[in-house]
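Engineer: Each residue of the sequence shown is one higher than the last, beginning at 828 in this note's numbering.
We put the beta carbon where it would ideally sit given N, CA and C, even for glycine.
Handing you this structure, nothing more for now.
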Amino acid sequence: MGRLIIISNRLPFSIDHEGDQLNLRQSSGGLVSAIKSYFESDSSTNRGFTEKLWLGVADFPQNEWSIVEEKLSGLDFQIVPLFVNKLLYKDYYNGFSNSVLWPLFHYFPNLVESNVHYFDAYVKVNRAFADKLIPLLEPDDTIWIHDYQLLLLPEMIRAEKADAAIGFFLHIPFPSYELFRTLPAEWKTSLVRGVLGSDLIGFHTHDYAQHFLQSAKMILGVDSSFHAMQYQDRLVKADLFPISIDYKKFNRACSDLETKQYYNEIIKNFDSRKIIFSVDRLDYTKGLMDRLNAYEHFLDQYPEWREKVVFILNIVPSRDDIQAYTERKQQIEQKIGTINGKVSTITWQPIIYRYTHLPFNELAALYKAADVALITPLRDGMNLVAKEYVASCSGRKGVLILSELAGAANELNEALLVNPIDTIEVSNAINRALTMPEEEQEHRMFLMQQRLSDYDVIKWVSDFLDQLANVKQEQLKQQVKVLDERVIAQIHLHYQVANSRCLLLDYDGTLVPYARIPSEAKPNDELRAILNGLSSDPKNNVVIISGREAYTLEKWLGDLPMMLVAEHGASFKPKGDQWQQAVSIPDQWKNEIRPIMQLFVTHCVGSFIEEKTNTLAWHYRNTHPELGFTRSRELINNLTQLLQNTMLQVVDGNKVVEVRMSGFDKGIMALKIVNDTQPDFVLCIGDDTTDEDMFKALGERAYSIKVSNGSTAAQYTVFSQIKVLQLLKKLMLPIVNKQYAAKT
């Protein structure tokens, strides 16, 4: 199976210095706990990774590595430390990662500190990760990159290892495009490209995934369908994988002897008082001041709860070296002092405050003892504390008050969901939680516990790795259809030995890129030379089969010795002959359709109507991508209903909706041409949904190629007009080694 390589900003442990001794302490983050739990489960043994590596920045100097390495014998992972210059790391981590990305992704744009040196450092450290990893890679490795500090890394690896299996998971929210677009152009473009170097991109929630997909579309023009994208000739998927916890670990911890001792001590100290519990890192995203304000309001509005409830607030130290965090800690402590000084009595203190890391068993005991868990971040990617609390309520009693802006709210909707900045709503929720009947508590808790036990952290890891493997399999299936050198050689040989040939070529999107204004997509000198060279060969019948109207095709290509087919087959001009109508109907129908399309032009800036002899087309290539697509679906729906039981049909093209007469299409015309001429060799190339009619009609009689991504009836695919022109030029060249070509 190969190796699993986990890459995160930090290694899964930190170093504590006690005198001359170095001690390893496992990191407390959700990722480390998740990976550790997974590899302690039976699920990991079935996957069969030969080795497990973890690459991250070392928090110890390089000269201590040999000492640290000796202490790693008990770890499941082979540790690969990256040593980064302290000043560079500061600009990368405290700078770009936590002063640009962190506030922006958590919807605090006013706290973003844009500094070009920060971005430069971010690029350099991501490059350092890539340079460290790439020499270590082996063919079957699975790479799993984690979080916002390493958004550029997937693309850097992809540039060197095109076939690598790369997964990326973002543990924080991805903001709406309206926020993300406020980054400088170079930054936002680089970040989206960086993440798209992955094969699978994971997010906690559907909203986060959609925000990323929208940003990819708006910034790079990358379309998506059902969370799948085609980017640089490769399938990329973005999907939701809500991280969870080791449910059994927390649920069973309540029965541990050490947990029971902590629990009994807590119950004894607080007698019969109700306990509200919060545990959070020190961070402005956690909404700690708003939480304290809500609790203060609760005590004012519901004075009957005074001396009957206690709020245990535990803040976990975080980024103590940053002045803003130190100041925030002082503000919180001052607020706690104000509340305690205002309403406490000799025998009762409303808030018990601690600033410390909690041992696991003590944390489990506090979860178990808490009547209410008050978890109200202003914005949170997931929030595992909420899930830990639910898992720890072994008696199914207890109430979770949860911010609706936490990712966990999508799964734990039986909690009391609140707006974290609405003081009155949170205050009322506290009262409701404290007075909730036990039967209701048990019902809500049962549903949440069942959900968490079904999708625990082990399932989360398995789910992501399974999906990554599936994406790689889908990529392999796509590669089978990609036009490679072997197939090109085969086509070339067949072309050269054939006595009569037919080349059916679409125009827009196949021979030339789409233009913002259709009239600007004129053939250049190179294209005209290629077409002239092919059509001048007496063995060839070159056919331009397009949705364009006859006037334009005649103007651009009418002087070349080839056949022209306009409006998908409505009219045609045989080589050296005059234009003929395949179908002809009165155009009064346009008077009914045109006003409908004009209404959509009014409601969709950038769209326009193109009127042809037998067709009306509504183009939306120049519109806002999402609005244009939405309006196109509405227009198709309206027109389809209107044109039922008529001789007209609605065609959903490439950024265009067309109405034309039924009974003719490119497939019908292509089949007629091939049947009439009976060529030895047929090549059919197109890019649009209308070209699928040709591919289906000709079947195995032709080499069919689609210039696009996604599903197609064509035998092969290419991803640019350049590839098409290269193929057409090659056909005109003599085969140097026919014996070699035949073997390939």
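Cα-Cα, which of Ala948, Glu1381 and Gly1021 is closest to Ile972?
Structural biologist: Counting from one through the sequence shown, the residue named residue 972 turns up at place 145. When only C-alpha atoms are compared, the closest one is Gly1021.
Engineer: Work out the CA separation of Gly1374 and Pro1350 for me, nearest whole Å.
Structural biologist: Numbered from 1 along the sequence shown, position 523 holds the residue referred to as residue 1350. Numbered from 1 along the sequence shown, position 547 holds the residue referred to as residue 1374. About 15 Å.
Engineer: Please specify which runs of the alpha helix (DSSP H), each continuous and at least 4 residues long, are wholly inside the stretch 1178 to 1208, giving them in chain order.
Structural biologist: Counting only runs of 4 or more, we get 1187 to 1196.
Engineer: Cβ of Asp1026 within 9 Å of Cβ of Leu1295?
Structural biologist: Residue 1026 sits at position 199 when you count from the first residue of the sequence shown. Residue 1295 sits at position 468 when you count from the first residue of the sequence shown. Yes, they are a contact pair.
Engineer: According to the neighbour-count rule (16 or more other Cβ atoms, all chains shown, within 10 Å of its Cβ), is Val1324 buried or exposed?
Structural biologist: Along the sequence shown, one-based indexing puts residue 1324 at 497. Exposed: under 16 other Cβ atoms inside 10 Å.
Engineer: Cβ of Ile1163 within 9 Å of Cβ of Leu1193?
Structural biologist: Translated into the one-based positions of the sequence shown, residue 1163 becomes position 336. Translated into the one-based positions of the sequence shown, residue 1193 becomes position 366. Result no, Cβ atoms of Ile1163 and Leu1193 do not sit closer than 9 Å.
Engineer: Quick test of your reading: Thr1032 and Pro1069, contact by CB under 8 Å. State the CB separation rounded to the nearest angstrom.
Structural biologist: Against the sequence shown, residue 1032 aligns to sequence position 205. Against the sequence shown, residue 1069 aligns to sequence position 242. That belief holds up - the Cβ atoms of Thr1032 and Pro1069 are roughly 7 Å apart, short of 8 Å.
Engineer: So, for Glu1437: in the same chain, excluding its five sequence neighbours on each side, which residues have a beta-carbon less than 7 Å away from its beta-carbon?
Structural biologist: On the sequence shown, residue 1437 is found 610 positions in, with the first residue counted as 1. Same-chain partners within the cutoff: Pro1345, Ala1444 and His1446.
Engineer: Okay, do the stretch 1425 to 1433 and the stretch 1398 to 1410 touch, 3+ Cβ pairs below 8 Å being the bar?
Structural biologist: No, because fewer than three Cβ pairs between the stretch 1425 to 1433 and the stretch 1398 to 1410 fall closer than 8 Å, the two stretches do not touch.
Engineer: Grouping DSSP H, G and I as helix and E and B as strand, with all else coil, what is Met1390?
Structural biologist: By one-based count along the sequence shown, residue 1390 stands at place 563. Strand at Met1390.
Engineer: Three or more C-beta pairs closer than 8 Å, one from the stretch 1533 to 1544 and one from the stretch 1508 to 1522: is that the case here?
Structural biologist: Judged by Cβ distances under 8 Å, the stretch 1533 to 1544 makes contact with the stretch 1508 to 1522, as three or more pairs qualify.
Engineer: Where Asp1293 and Leu1469 are concerned, what is the direct C-alpha to C-alpha distance, given to the nearest angstrom?
Structural biologist: Indexing the sequence shown from 1 puts residue 1293 at position 466. Indexing the sequence shown from 1 puts residue 1469 at position 642. Computed Cα separation, rounded: 46 Å.
Engineer: Output needed for Asp1110: all residues of its chain with C-beta closer than 7 Å, excluding positions within five of it in sequence on either side, in chain order.
Structural biologist: Here residue 1110 is taken as the residue at index 283 of the sequence shown, counted from 1. Around Asp1110: Ser1145.
Engineer: How is Gln848 classed by DSSP in three states: helix, strand or coil?
Structural biologist: On the sequence shown, position 21 is the one that residue 848 refers to. Gln848: strand per DSSP, three-state reduction.
Engineer: Taking 6 Å as the limit between beta carbons, can you name the residues of its chain near Arg1328, skipping five residues before and five after?
Structural biologist: Locating residue 1328 in the sequence shown gives position 501, counting from the first residue. The answer, listed in chain order, is Lys1366, Asn1367, Pro1506 and Phe1508.
Engineer: From the DSSP output, in three-state form, read off Trp971 for me.
Structural biologist: Here residue 971 is taken as the residue at index 144 of the sequence shown, counted from 1. Trp971 falls in the strand class under three-state DSSP.
Engineer: Name the DSSP bridge partner or partners of Pro936?
Structural biologist: As a position in the sequence shown, residue 936 is number 109, starting the count at 1. Beta-bridge pairing links Pro936 to no other residue.
Engineer: Since Ile1103 and Val1136 should fall inside the 8 Å C-beta cutoff, what is the C-beta to C-beta distance between them, to a whole number of angstroms?
Structural biologist: Locating residue 1103 in the sequence shown gives position 276, counting from the first residue. Locating residue 1136 in the sequence shown gives position 309, counting from the first residue. Rounded, the Cβ-Cβ distance is 6 Å, consistent with contact.
Engineer: Mind listing, in chain order, the continuous alpha helix (DSSP H) runs of no fewer than 4 residues lying wholly within the stretch 1047 to 1096?
Structural biologist: Here the runs fully enclosed are 1074 to 1080.
Engineer: Compute the Euclidean distance between the alpha carbons of Lys1556 and Leu1361, then round it to the nearest angstrom.
Structural biologist: If you number the sequence shown from 1, residue 1556 lands on position 729. If you number the sequence shown from 1, residue 1361 lands on position 534. Distance between the alpha carbons of Lys1556 and Leu1361 is about 9 Å.
Engineer: Return the CA-CA distance between Met1559 and Leu1391, expressed in angstroms with no decimal places.
Structural biologist: As a working mapping, residue 1559 is identified with position 732 in the sequence shown. As a working mapping, residue 1391 is identified with position 564 in the sequence shown. Each residue's Cα considered, the two are about 21 Å apart.
Engineer: How should Ala1569 be labelled, buried or exposed, when 16 other C-beta atoms within 10 angstroms of its C-beta is the threshold for buried?
Structural biologist: The residue labelled residue 1569 in the question sits at position 742 within the sequence shown. For Ala1569, the pLDDT reaches just 46, beneath the cut-off of 50, and the residue's location in the model is therefore unreliable, although a value from the coordinates is still provided. So Ala1569 counts as exposed.
Engineer: So does the stretch 1151 to 1169 actually touch the stretch 1071 to 1078, counting three or more Cβ pairs closer than 8 Å?
Structural biologist: Result no; under three Cβ-Cβ pairs closer than 8 Å.
Engineer: Could you please give me the residues that DSSP links to Tyr1530 through a beta bridge?
Structural biologist: Walking along the sequence shown from the start, residue 1530 turns up at place 703. Per DSSP, Leu1510.
Engineer: Is the beta carbon of Asp947 less than 9 Å from the beta carbon of Asp918?
Structural biologist: As a working note, residue 947 is residue 120 in the sequence shown. As a working note, residue 918 is residue 91 in the sequence shown. Yes, the Cβ-Cβ distance between Asp947 and Asp918 is below 9 Å.
Engineer: Grouping DSSP H, G and I as helix and E and B as strand, with all else coil, what is His1124?
Structural biologist: Position 297 of the sequence shown, counted from the first residue, corresponds to residue 1124. Of the three classes helix, strand and coil, the one that applies to His1124 here is helix, per DSSP.
Engineer: Between Phe1077 and Ala1197, how many whole angstroms is the CB-CB distance? I'm expecting something under 8 Å.
Structural biologist: Indexing the sequence shown from 1 puts residue 1077 at position 250. Indexing the sequence shown from 1 puts residue 1197 at position 370. Actually they do not touch by this definition, with Cβ atoms about 13 Å apart.
Engineer: Measuring alpha carbon to alpha carbon, tell me which residue in Asp843, Leu849, Glu845 and Ile834 is nearest Val859.
Structural biologist: The count along the sequence shown starts at 1 and reaches residue 859 at position 32. Nearest option by C-alpha distance: Ile834.
Engineer: Three-state secondary structure (DSSP) at Arg1421?
Structural biologist: Within the sequence shown, numbered from 1, the residue matching residue 1421 stands at position 594. Looking at Arg1421 - three-state DSSP - the assignment turns out to be helix.
Engineer: Between the stretch 1010 to 1018 and the stretch 985 to 994, do at least 3 Cβ pairs fall closer than 8 Å?
Structural biologist: Contact between the stretch 1010 to 1018 and the stretch 985 to 994 is absent, because fewer than three Cβ pairs lie under 8 Å.
Engineer: My understanding is that Ala1348 touches Ala1356, with C-beta atoms under 8 Å, so please give their C-beta distance in whole angstroms.
Structural biologist: Translated into the one-based positions of the sequence shown, residue 1348 becomes position 521. Translated into the one-based positions of the sequence shown, residue 1356 becomes position 529. Not really, about 17 Å apart at Cβ, beyond 8 Å.
Engineer: What residue range does the alpha helix (DSSP H) around Glu982 cover?
Structural biologist: In the sequence shown, the residue the question calls residue 982 occupies position 155. Leu980 to Glu987 is the span of the alpha helix (DSSP H), which, as asked, contains Glu982.
Engineer: In the DSSP assignment, find the beta strand (DSSP E) that holds Thr1516 and state where it starts and stops.
Structural biologist: For the purposes of this step, residue 1516 is identified with residue 689 of the sequence shown, where counting begins at 1. Here Thr1516 belongs to no beta strand (DSSP E), and DSSP marks it neither H nor E.
Engineer: Under three-state DSSP, which class holds Met1496?
Structural biologist: Walking along the sequence shown from the start, residue 1496 turns up at place 669. Correct three-state label for Met1496: helix.
Engineer: Tell me the rounded alpha-carbon separation between Val1370 and Trp929.
Structural biologist: Position 543 of the sequence shown, counting from 1, holds the residue named residue 1370. Position 102 of the sequence shown, counting from 1, holds the residue named residue 929. Their Cα atoms are separated by approximately 56 Å.
Engineer: Using 9 Å as the threshold, is the C-beta distance between Ile1179 and Ile1159 below it?
Structural biologist: On the sequence shown, position 352 is the one that residue 1179 refers to. On the sequence shown, position 332 is the one that residue 1159 refers to. Against a cut-off of 9 Å, the Cβ pair of Ile1159 and Ile1179 comes out as no contact.
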